[in-house]
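Listed in order, the protein sequences are those of chains A and B. Under the working numbering, think of the first position of the first sequence as 160, with each following residue one higher. Under the working numbering, think of the first position of the second sequence as 10, with each following residue one higher. We put the beta carbon where it would ideally sit given N, CA and C, even for glycine.
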Amino acid sequence: MMKFATLLRKPPEWMLLDGPHRDIVITSRVRLARNLDGPAFPGFAKKEDRTTVMQELQPVVEGLPEMKDGFSEDLGGLDAIRKQVLVEKHLISREQAAKSGGSAAVINRDQSLSIMINEEDHLRMQSIRSGLDLRVAYAALDRVDEELDGLVKFAFHPRFGYLTACPTNLGTGMRASAMLHLPGLVLSEQVNQVIAAVNKIGLAVRGLYGEGTEALANLFQISNQHTLGEREPEIIARLERVIEQIINHERNARRKLVEDQPHKVLDHVGRAYAALRYAHILESKEALTQLSMLRLGSDLGILPSDLGRTIDTLLVEIQPAHLQINSQRKLGPEERDVLRAETLRQRLAGVPEPRPESLQPPVDPEPPVI
Amino acid sequence: MQCDVCKQNKATVFLTQIEKGKMQKVNLCETCAHAKGVADPKGFALVEMLHGFGHGEKVATQPQERTCPNCGMTQTTFRKTGRLGCGACYQTFGEGMDQLLKAMHKGVRHTGRVPAWAKVVGRDNGRVEDLRVRLEEAVAAERYEEAGRLRDEIRQLTPPETAV
Ligand SMILES: [Zn+2]
Ligand SMILES: [Zn+2]
Chain A
160 MMKFATLLRK
170 PPEWMLLDGP
180 HRDIVITSRV
190 RLARNLDGPA
200 FPGFAKKEDR
210 TTVMQELQPV
220 VEGLPEMKDG
230 FSEDLGGLDA
240 IRKQVLVEKH
250 LISREQAAKS
260 GGSAAVINRD
270 QSLSIMINEE
280 DHLRMQSIRS
290 GLDLRVAYAA
300 LDRVDEELDG
310 LVKFAFHPRF
320 GYLTACPTNL
330 GTGMRASAML
340 HLPGLVLSEQ
350 VNQVIAAVNK
360 IGLAVRGLYG
370 EGTEALANLF
380 QISNQHTLGE
390 REPEIIARLE
400 RVIEQIINHE
410 RNARRKLVED
420 QPHKVLDHVG
430 RAYAALRYAH
440 ILESKEALTQ
450 LSMLRLGSDL
460 GILPSDLGRT
470 IDTLLVEIQP
480 AHLQINSQRK
490 LGPEERDVLR
500 AETLRQRLAG
510 VPEPRPESLQ
520 PPVDPEPPVI
Chain B
10 MQCDVCKQNK
20 ATVFLTQIEK
30 GKMQKVNLCE
40 TCAHAKGVAD
50 PKGFALVEML
60 HGFGHGEKVA
70 TQPQERTCPN
80 CGMTQTTFRK
90 TGRLGCGACY
100 QTFGEGMDQL
110 LKAMHKGVRH
120 TGRVPAWAKV
130 VGRDNGRVED
140 LRVRLEEAVA
150 AERYEEAGRL
160 RDEIRQLTPP
170 ETAV
């Protein structure tokens, strides 16, 4: 099995790949909720019963071919910082991080699949991919689901589908989402309109770390709300169509900004470059905002095009738990802000100055959707 | 199953109640259920009833609460937390959930993936019926492309001799 240190050091597969629409969609994720037929759900089960379920499920999940040489740990065996690192890497949920014994996380070697045991449901399985790639993310998870289906008996009802602790997950138990970087829509003040429109058609919009979190770094998670009454491929196709439209809106917004307000764009990118290269104290929120502007600069040709990947890595590495684990001690907020600025200065040291003359509007990689 | 009170008639009324964290079950025949006030809208207390077997004691007026026989989840706790206790809870509380599910979801019937054990030959979980309704809607709304797709799907799911 993989050690925590390896998990920490190894970049996840999605960060190394360039999925479709990578300039706007950072990741695509699909999650399935499953429960065993019989035992009480984790939130209502007695401690012994929860432990029994975990002891039954953990070896089964570890034994899946996809999880070979992966990471597997009882949450009781991880300290608060290590649990938080897994949250910052989007491998476990904040809810699971709050748990200790009787709950486990199993993560595959390339960190594209993570399976939480005894979170809100007996199983919460997640697949993560680079760019807009929901179908492939679902296909990977569907295989895991199929394999597990042959090994354990899932709670299922012919009318309600897969049974979950919360009725909001009933049916398919599936939540598909994409993480979008929308600086163009934020700068042109159109993002609230887009969010309202997305909400109106039954999709949810959340911040960087899920429900109730702020839309930091101009990052927005869009996901399906409904899990019952539609088949999995239909849910994914609908979500994908909406996301493609948002991508078009974002490209148009960026194009318009470049054409109408080039100085505004250059100013944002220039200030971000200066702050990230030369600041000595950086709070999390400011660092994330500036990284967002730097990524925009890279997408618009002012900064090297391969900078995007470094930025996506940094969005995770400058989070509190990552800073603390890398410095191997617990840090106060002020110390973290100093260390954050230092990390950013080091990691961005070789980045050449912005080149305003290279500013160019985004090009559509594909013909626009009608 | 025999009635727990008269030990003669066949039990047709099955009750479960949680009292001081302990689950109590009782099976009654129609007559005894009526005599013990189960049909009484004010309800009864199971424990008192069990203790009062054959003594003709007064039945308490505490309303009986719907409880999951598998995990002991009660209607009150479910209402309060919005979470169910186990899969069997959906049998216990599912009936009254249609309104809730309608507000939460696209539909009230699952149409997606089915685990191997639930795939019973000759039963399709209402999928064909569901597809037929959607086909009618699509035709009525003149969405012919969708209608064609649905027709193909129905054909695939229906044995040739019963096909429309
Ligand atoms: Zn009787
Ligand atoms: Zn239950």
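Per-residue contacts from residue i into chain E (C-beta, under 8 Å)
i, result
"Leu109 (chain B)", "Reference to chain E is not applicable here, since the protein chains of this structure are A and B."
Helix, strand or coil at residue i according to DSSP, with G and I counted as helix
i, result
"Arg183 (chain A)", "One point to set straight first is that residue 183 (chain A) is Ile, not Arg, in the sequence displayed. Here Ile183 (chain A) sits in coil by DSSP."
"Val522 (chain A)", "coil"
"Gln285 (chain A)", "strand"
"Ser262 (chain A)", "coil"
"Ala125 (chain B)", "helix"
"Glu170 (chain B)", "Because the pLDDT of Glu170 (chain B) is 45, which lies under 50, any placement of that residue in the model is unreliable, and the number read from its coordinates should be weighed accordingly. Note: Glu170 (chain B) maps to helix in three-state DSSP."
"Asn36 (chain B)", "strand"
"Val401 (chain A)", "helix"
"Ala164 (chain A)", "helix"
"Leu362 (chain A)", "strand"
"Gln11 (chain B)", "strand"
"Thr120 (chain B)", "coil"
"Thr386 (chain A)", "coil"
"Arg158 (chain B)", "helix"
Delimiting residues of the alpha helix (DSSP H) encompassing residue i
i, result
"His422 (chain A)", "Pro421 to Tyr437"
"Ser451 (chain A)", "Ser443 to Asp458"
"Asn358 (chain A)", "Val350 to Lys359"
"Asn532 (chain A)", "Lying before the first or after the last residue shown, residue 532 (chain A) is absent from chain A, which here runs from 160 to 529."
"Ala256 (chain A)", "Arg253 to Ala256"
"Ala20 (chain B)", "Careful: Ala20 (chain B) lies outside any alpha helix (DSSP H) and carries neither H nor E."
"Met82 (chain B)", "Premise fails: Met82 (chain B) is in no alpha helix (DSSP H) and is neither H nor E."
"Ile461 (chain A)", "It is not in any alpha helix (DSSP H) - Ile461 (chain A) carries neither H nor E in the DSSP assignment."
"Met106 (chain B)", "From DSSP, Met106 (chain B) is part of no alpha helix (DSSP H); its letter is neither H nor E."
"Thr101 (chain B)", "Cys98 to Phe102"
"Pro513 (chain A)", "First-last for Pro513 (chain A): undefined, no H or E at that position."
"Thr502 (chain A)", "Pro492 to Arg506"
"Leu175 (chain A)", "Glu172 to Leu175"
Amino acids of chain B, ordered along the chain, whose beta-carbon sits closer than 7 Å to that of residue i
i, result
"Asp308 (chain A)", "Pro124 and Ala125"
"Lys312 (chain A)", "Trp126"
"Leu322 (chain A)", "Gly96 and Tyr99"
"Gly202 (chain A)", "Arg92"
Proximal chain B residues relative to residue i, where beta-carbon distance stays under 9 Å
i, result
"Asp280 (chain A)", "None at all; the shortest Cβ gap to chain B is about 10 Å."
"Asn194 (chain A)", "Cys95 and Gly96"
"Phe315 (chain A)", "Gly96, His119, Val123, Pro124, Trp126 and Ala127"
Where residue i meets chain B, residues with beta-carbon distance less than 8 Å
i, result
"Glu391 (chain A)", "Gly121 and Arg122"
"Pro198 (chain A)", "Cys95"
"Ser331 (chain A)", "A quick correction: the sequence has Thr, not Ser, at residue 331 (chain A). Ordered by position in chain B, the residues that pass the 8 Å Cβ test against Thr331 (chain A) are His119, Gly121 and Arg122."
Residues that residue i contacts on chain A, provided the C-beta gap is smaller than 7 Å
i, result
"Tyr153 (chain B)", "By Cβ distance, chain A contributes nothing, its closest Cβ being about 18 Å from Tyr153 (chain B), past 7 Å."
"Arg118 (chain B)", "Arg318 and Gly388"
"Met10 (chain B)", "Near Met10 (chain B) there are no residues of chain A at all, since even the closest Cβ is about 22 Å away, more than 7 Å."
"Cys15 (chain B)", "Those do not exist, as Cys15 (chain B) stays about 33 Å from chain A at its closest Cβ, beyond 7 Å."
"Gly105 (chain B)", "Result: empty, since nearest Cβ-Cβ is about 12 Å, beyond 7 Å."
"Cys80 (chain B)", "Ala199 and Phe203"
Check: residue i C-beta below 6 Å from any heavy atom of ligand 3
i, result
"Met106 (chain B)", "Ligands in the displayed structure: ligand 1 and ligand 2; ligand 3 is not one of them."
Contact list for residue i against chain A, beta-carbon separation under 8 Å
i, result
"Lys115 (chain B)", "Gly361, His385, Leu387, Gly388 and Glu389"
Start and end residues, beta strand (DSSP E) containing residue i
i, result
"Ile381 (chain A)", "Leu378 to Asn383"
Give, in chain order, every unbroken run of the beta strand (DSSP E) that is at least 3 residues long and sits entirely within the region 185 to 240 of chain A. 230 to 233
Between the region 209 to 219 of chain A and the region 326 to 339 of chain A, are three or more C-beta pairs nearer than 8 Å? no
Does the pairing of the region 451 to 471 of chain A with the region 406 to 424 of chain A give three or more beta-carbon distances under 8 Å? yes
Restricting to runs no shorter than 3 residues, where is the beta strand (DSSP E) found entirely within the region 267 to 344 of chain A? 272 to 276, 282 to 289 and 333 to 340
Measuring CB atoms only, is the region 253 to 267 of chain A touching the region 182 to 198 of chain A, in the sense that at least three cross pairs come out at less than 8 Å? no
Give a yes or no on contact between the region 138 to 145 of chain B and the region 404 to 416 of chain A, applying the rule of three or more CB pairs nearer than 8 Å. no
The region 237 to 244 of chain A contacting the region 276 to 291 of chain A, beta-carbon criterion three pairs below 8 Å: no
Do the region 320 to 331 of chain A and the region 380 to 388 of chain A make contact, defined as three or more Cβ pairs closer than 8 Å? yes
With a cut-off of 8 Å, do at least 3 Cβ pairs link the region 337 to 351 of chain A to the region 73 to 84 of chain B? no
Validate contact between the region 434 to 450 of chain A and the region 199 to 210 of chain A using beta carbons, cut 8 Å, 3 pairs: no
Do the region 284 to 299 of chain A and the region 177 to 188 of chain A touch if we need at least three Cβ pairs shorter than 8 Å? yes
For the region 117 to 128 of chain B and the region 390 to 401 of chain A, state whether three or more C-beta atom pairs, one from each stretch, are separated by less than 8 Å. yes
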